[in-house]
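Protein chains: 2
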Amino acid sequence: MKSRAPGIRLYIDADLSSDGAIKLADGHAHYLRNVMRVESGDEILVFNGRDGEWRAVIAAIGKASVRLQIEVQTREQTPGPDLWLAFAPVKRGPIELIAGKACELGVSALIPVITARTNVGRINRTRLQTIATEAAEQCGRLDVPEVKAPVDLPEFIADWPAERTLVVCDETGGGMPIAEALAGANPAAPWAVLVGPEGGFVKSELEAITKLHIIKRVGLGPRILRAETAAIAALACWQALVGERRP
Amino acid sequence: MKSRAPGIRLYIDADLSSDGAIKLADGHAHYLRNVMRVESGDEILVFNGRDGEWRAVIAAIGKASVRLQIEVQTREQTPGPDLWLAFAPVKRGPIELIAGKACELGVSALIPVITARTNVGRINRTRLQTIATEAAEQCGRLDVPEVKAPVDLPEFIADWPAERTLVVCDETGGGMPIAEALAGANPAAPWAVLVGPEGGFVKSELEAITKLHIIKRVGLGPRILRAETAAIAALACWQALVGERRP
């Protein structure tokens, strides 16, 4: 077996099972043929978020499609952390950074939340989903986090699932140090991290958020972090302190 | 007093003391005059890494220079964490991300370390220093981390100060979960975080690093993080678990 394409790992829609054959078209076929220049017989890895990860062989390369032969399961599907990231949209560079890094750091869903001080226009949800998908392919995840439709903060609060703990990054200094707030927390429970816009939440927003059932207001140190830095830092701390702490 | 320029915070070289006057030229004068469009009488904040933070008033704006009148100290100089980030250089986007985010996350020095699998060319050290300085201005730090000259890994190891604890991000899975490795660690001691290149350290490098006196090999979870993500995540965890843990 050749190993010319050892690094390729592709998220696809199709069901995966042994001895299955899959035809890829459009973006995937273009990527494999023209970007990665795979050849017949090359091996890649594929996953779909349901059936684990499989080794597949390039069986045929056509002008507009690539045929894969699914060979053997390399990893079983296991659930990742049940961790949402809710974040006030920021400018294009930082919001794309959030989408990629949040995926690498294991979030299960990304929720853009429009707050009083949010001052960016339309969110390119398709682009953010593509970035999250590529990050999932590269970081070895078995699923892809969903980029949800933007919601206004009042709606986000009204619809909040009571059993989900919300970690609110509070740049006003009113929060507890994150290591203290998350000490001994339950990794099996549902979680979410909420990060405000540049300039923070307005007072009435923070009060409304604080009325939610299970909430932890956390601080991330004495420096003023950019929104995207706060999101990445809070997620990294959550994984270290809760999600991927040694049992 | 007008407050047209409330957000401006400038790192300058000059000594700062009450009733001092400072003439800014070149980049700083251009930035204040043409980018921030300050006017005579506007207030800004200045710091130099030695004398704390001071409020200053724009006293005069000339064609090529701006004169500041230093008014009153707003914060005393206090030391930040003694935390270095040593990192294998990566491509331009990610390395610039590291410079800015590491500064926001409180590192005192940035050290590019050339490893066997480092495959980027020249490092634009001036550019990285500028990014770190701007991040310091924006995040409210009282100092600016120094971007050191690149060193080869063997030299880095040979010159290692024995009393400094090195946290090595080990993507091979041989590390301890970072929360466990850093539990109860001493925030007053000197620290450093080391992050390898995409593809990781080669085996002999990791063996050489492991021979250093005080070393903690840590893991950052089951996903394969990009080098810049690992750097940011490790620094955020260090601050939460060691540097900015409630005493």
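Protein chains in written order, with our numbering: chain A, 1 to 247; chain B, 1 to 247. Ideal placement from N, C-alpha and C gives every residue a C-beta, glycine not left out. Every value quoted in this text rests on a predicted model; they were computed, and no experiment measured them.
Chain A contact for residue i (CB, 8 Å cutoff)
| i | result |
| --- | --- |
| residue 232 of chain B | yes |
| residue 239 of chain B | yes |
| residue 75 of chain B | no |
| residue 177 of chain B | yes |
| residue 140 of chain B | yes |
| residue 53 of chain B | no |
| residue 245 of chain B | yes |
| residue 114 of chain B | no |
| residue 236 of chain B | yes |
| residue 130 of chain B | no |
| residue 216 of chain B | no |
| residue 173 of chain B | no |
| residue 211 of chain B | no |
| residue 223 of chain B | yes |
| residue 133 of chain B | no |
| residue 10 of chain B | no |
Neighbour flag for residue i against chain B, beta carbons, 8 Å
| i | result |
| --- | --- |
| residue 106 of chain A | yes |
| residue 85 of chain A | no |
| residue 200 of chain A | no |
| residue 49 of chain A | no |
| residue 98 of chain A | no |
| residue 63 of chain A | no |
| residue 226 of chain A | yes |
| residue 101 of chain A | yes |
| residue 229 of chain A | yes |
Within 8 Å, strictly: CB atoms of residue i and residue j
| i | j | result |
| --- | --- | --- |
| residue 111 of chain A | residue 86 of chain A | yes |
| residue 70 of chain A | residue 19 of chain A | yes |
| residue 194 of chain B | residue 166 of chain B | yes |
| residue 197 of chain A | residue 231 of chain A | no |
| residue 43 of chain A | residue 55 of chain A | yes |
| residue 109 of chain A | residue 68 of chain A | no |
| residue 74 of chain A | residue 45 of chain A | yes |
| residue 120 of chain A | residue 91 of chain A | yes |
| residue 233 of chain A | residue 220 of chain A | yes |
| residue 8 of chain A | residue 48 of chain A | no |
| residue 14 of chain B | residue 40 of chain B | no |
| residue 128 of chain A | residue 107 of chain A | no |
| residue 65 of chain A | residue 10 of chain A | no |
| residue 117 of chain A | residue 243 of chain A | no |
| residue 164 of chain B | residue 192 of chain B | yes |
| residue 179 of chain A | residue 245 of chain B | yes |
| residue 168 of chain B | residue 209 of chain B | yes |
| residue 93 of chain A | residue 76 of chain A | no |
| residue 223 of chain B | residue 62 of chain A | no |
| residue 207 of chain A | residue 115 of chain A | no |
| residue 236 of chain B | residue 237 of chain A | yes |
| residue 123 of chain A | residue 99 of chain A | no |
Check: Per the contact definition of three or more C-beta pairs closer than 8 Å, is the segment 122-137 of chain B in contact with the segment 163-176 of chain B?
Finding: The segment 163-176 of chain B makes no contact with the segment 122-137 of chain B, as fewer than three CB pairs between them are under 8 Å.
Check: If you scan the segment 70-126 of chain A from start to end, which runs of the alpha helix (DSSP H) of 4 or more residues do you find wholly inside it?
Finding: If one requires a minimum length of 4 residues, the alpha helix (DSSP H) runs lying completely within the segment 70-126 of chain A are 92-104, in chain order.
Margin query: Three Cβ pairs or more, each shorter than 8 Å: is that satisfied between the segment 92-106 of chain A and the segment 137-157 of chain A?
Written below: Proximity of the segment 92-106 of chain A to the segment 137-157 of chain A meets the contact definition, three or more beta-carbon pairs being nearer than 8 Å.
Margin query: With a threshold of 8 Å, are at least 3 pairs of Cβ atoms found where one atom belongs to the segment 184-192 of chain A and the other to the segment 146-159 of chain A?
Written below: No contact exists between the segment 184-192 of chain A and the segment 146-159 of chain A.
Note to self: Quick check on the DSSP output: what are the complete beta strand (DSSP E) runs of length 3 or more inside the segment 170-242 of chain B, in order along the chain?
What the structure shows: Taken in chain order, the unbroken stretches of beta strand (DSSP E) that lie wholly in the segment 170-242 of chain B and span 3 residues or more are 191-195 and 215-219.
Note to self: For a minimum of 3 consecutive residues, which ranges assigned as the beta strand (DSSP E) are wholly contained in the segment 140-170 of chain B?
What the structure shows: Those beta strand (DSSP E) runs which fall completely within the segment 140-170 of chain B and span 3+ residues are 165-169.
Next item on the list: For the segment 24-51 of chain A, list the alpha helix (DSSP H) runs that are entirely contained and at least 4 residues long, ordered along the chain.
Entry: The qualifying runs are 26-30.
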